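In our numbering, the protein residues as written are 1 to 556.
We put the CB at the ideal spot given by N, CA and C, even for glycine.
Given the structure is predicted, the values throughout are model-derived calculations rather than measurements.
Notes follow once the structure below has been shown.
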Amino acid sequence: MSGSGPAGTRVFDILARAFAQEDVGTCFALLGDANLNWAARLSEQGCRMIYVRHEHCAVAAAMAFARKSGEIGVATVTCGPGLTQVMTALPAAVRARLPLVIFAGESPLRSTWYNQWIDQAPFVTATGAAYHSLHLPEKMPVAVRDAFLQARRERRPVVIGVPFDLQDRPWTGAEDLPQPSRALVPRLSPAPAHPDDVARAAEIAGAARRIVVMAGMGAVEAGAADACRALAEHCDALLATTLPARGLFHDDPFSIGIAGGLVTDMARQCLAEADLVIAVGCSLAHHNTIGGKLWPKAQVLQIDLDPVSLSQGHVVAQAHLKADARLGVEALTAAIPSRKQDWRSADLAERIRTTAPDSAVFEIEPGLHDPRAAVAALEAALPGDWELVNSSGHCSHFFAHMPSRPQDRFLTIREFGAIGNGISFAMGVAAARPDRTVVLFDGDGSLLMHVQELETIRRHKLNILIVVMNDAAYGSEIHKLRATGMAQEGAVFERTDLAALARGFGLGGETVSDLSALPEMVSQFAQTGGAAVWDIPASDRVVSSGMRRAYPPRAG
Ligand SMILES: Cc1ncc(C[n+]2csc(CCOP(=O)(O)OP(=O)(O)O)c2C)c(N)n1
Ligand SMILES: [Mg+2]
């Protein structure tokens, strides 16, 4: 049906309806002239709007929402300065292959000069995201639908820019919307492996003596965890994961935890012995393989829908099996004879269970905590069903080692290596899992980079506990500067009273001076809910094992 719409219908009404019919239930927003009408209408359509205080945080929160919900994350920013604020979040989403649709305004077409004008497309496309500038109203509903299709298919952000004078125009097109993207998405079953590839892979696995089955997010998404465990048992292999898939085998006695920059000493020893790593649903990024150094003797058999030989400049795999992660692993298991348990000994299981992630000794200043002791106390005190978000910085090494925590209750997104995202990621998880308590582990530097979002957390009543390892420093930089004998002043700060800061925002705020108080603090927080910041005064003397390996202290 076409013709003019009901009196008063404007282009932004139709644009909001086009988003609503894509089942957008949550949108992270910061308003300006170029998106405020659209956002108000989207809200009227029943979409939950989370109004943040910095555009970066809108997009970053949408990233975590997408990861946790499996849906497309949606955010909106105004034109010009609104859009330029998201230049760190967009590449982070591209690297992490997260599908997002972002509604951005554009400056008005009728203005020959407009102070907020900027050529938006090159900004967005430089990040690897897609940009669609919509200037033909009657095509807009289809263009919105197509943006959702593109985001889902290409697994990257798609930014839609619409000049705001065009949004204000009366709608004269058809009232009915095109079919939503979900009606058009191909319905496909998981792709099985080719028998010839399985036979080749079986030969390689059959010849190996020390195998590690390493799972990444592709294995998580394909539901391949049990298949990986079965394969490992079948071929006497140990289990490991990439950092984002951390916890996938948390309760398996032969899981050595993270393979990557945050590896434990124990896992590193095991990986050094391996002669075959079966990488399941992993992109084999530089951090995952530590630039090829993590398993010096092993060749890699990659099981993936999109296998590669080269990743981020390194030859990462010598053999490939193209398949859905679960089906590929099951086919390989069926094709190799089961073998006697040798590597998987009771003794090794005991060592995995009892060896501390890092037992190097450091002298700690009075009144400060060893971050490893703080993490161990948190691991013991925090309920198993709380959602954990690990942010960035040096402290993330310590926070990553909480062995009892399953993958489904964990989130980290750090493929672009940016700090300052923790608070946004926690908001995204809280929005995706509103019935859960979210715990964010962050560094003081990262938290302070977007601390304004404490106000958002309070206003939207998000149930988030923020635990900050406060070393009054950019710890990563301090340790690198010290190791190379450089002046460290650019990385050392005042010890901000983060608990008082949180109270200023109307949140709970505690300084954790005694770790033995944590169980009681946790049980109180569990009863009251809400949001709080717990400031852990931490020593900057403890250098993580990863940092010690990458930046060995200078001799002498
Ligand atoms: C956006 C951005 N700016 C700067 C950096 C460089 N950087 C990496 S870690 C880090 C320090 C983070 O400090 P904090 O959050 O306190 O964690 P810590 O390392 O002290 O544990 C910095 C500045 C970065 N990765 N991303
Ligand atoms: Mg710090």
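Under DSSP, the beta strand (DSSP E) around residue i begins and ends at which residues?
i: E387; result: E387 to N390
i: L301; result: Q299 to D304
i: A215; result: I211 to A215
i: C27; result: T26 to A29
i: E510; result: G508 to T511
i: G504; result: Counting along the chain, G504 falls outside any beta strand (DSSP E), though it belongs to the alpha helix (DSSP H) covering L498 to G504.
Considering only residues of the same chain and omitting the five flanking positions on each side of residue i, which have a CB-CB separation below 7 Å?
i: C228; result: V213, A215, A219, L239, V280 and V329
i: G80; result: S107, Q116, W117 and I118
i: Y114; result: S107 and P108
i: R414; result: S392
i: A550; result: none
i: G475; result: G393, H394, C395, G443 and D540
i: V543; result: H479
i: R326; result: P190, A222, G223, A224 and A227
Just to check, is the beta-carbon of residue i closer than 8 Å to a non-hydrogen atom of ligand 2?
i: Y131; result: no
i: H394; result: yes
i: N390; result: no
i: D444; result: yes
i: G490; result: no
i: G422; result: no
i: G475; result: yes
Between which two residues does the alpha helix (DSSP H) holding residue i run?
i: G133; result: For the record, residue 133 in the displayed sequence is Ser; it is not Gly. No alpha helix (DSSP H) contains S133, which is instead part of the beta strand (DSSP E) from A130 to S133.
i: D226; result: A225 to H234
i: S43; result: L36 to E44
i: T456; result: E453 to R459
i: A349; result: A346 to T354
i: N288; result: H286 to T289
i: A93; result: A89 to R95
Skipping 5 residues on each side, what residues in its chain have a beta carbon closer than 6 Å to that of residue i?
i: S2; result: At S2, the pLDDT of 41 sits below 50, so the modelled position is not reliable; the number obtained from the coordinates is stated separately. Counting only Cβ-Cβ distances below 6 Å, and skipping sequence neighbours, we find A174.
i: V158; result: V101, A130, A147, Q150 and A151
i: V124; result: Y131 and V159
i: R554; result: G485
i: P570; result: With the chain covering 1 to 556 only, the question about residue 570 has no answer from this structure.
Would you say the beta carbon of residue i is closer than 8 Å to some non-hydrogen atom of ligand 1?
i: D370; result: no
i: L284; result: no
i: Y551; result: no
i: D471; result: yes
i: I466; result: no
i: Y51; result: no
i: E71; result: no
i: M449; result: yes
i: T333; result: no
i: T88; result: yes
i: I536; result: no
i: G417; result: yes
i: I364; result: no
i: I258; result: no
i: S478; result: It should be pointed out that residue 478 corresponds to Ile in this sequence rather than to Ser. Yes, ligand 1 has a heavy atom inside 8 Å of this Cβ.
Taking a contact to mean a Cβ-Cβ separation below 9 Å, would you say residue i touches residue j in this structure?
i: L90; j: H135; result: no
i: S513; j: G313; result: no
i: L42; j: A16; result: yes
i: V59; j: A93; result: yes
i: L243; j: A225; result: no
i: I72; j: V11; result: no
i: G530; j: I336; result: no
i: L271; j: A237; result: no
i: T9; j: P170; result: yes
i: A532; j: E510; result: yes
i: L231; j: L332; result: yes
i: F103; j: A431; result: no
i: Y51; j: L30; result: yes
i: C235; j: R95; result: no
i: A61; j: R145; result: no
i: P357; j: M449; result: no
i: P587; j: P178; result: Not covered by the structure: residue 587. The range shown for the chain is 1 to 556.
i: R436; j: E379; result: no
Ligand 3 and residue i: does the residue's C-beta get closer than 8 Å to at least one heavy atom of that ligand?
i: L271; result: No copy of ligand 3 appears in this structure; the ligands present are ligand 1 and ligand 2.
Does the beta carbon of residue i sit closer than 9 Å to a beta carbon anywhere in chain D?
i: L177; result: No chain D is part of this structure, which consists of one protein chain only.
Looking only at its chain, what residues have a beta carbon closer than 8 Å to the beta carbon of residue i, apart from the 5 residues adjacent to it on each side?
i: A374; result: F398, M469, V512, L515, I536 and A538
i: R541; result: F362, E363, I364 and E365
i: P552; result: A483
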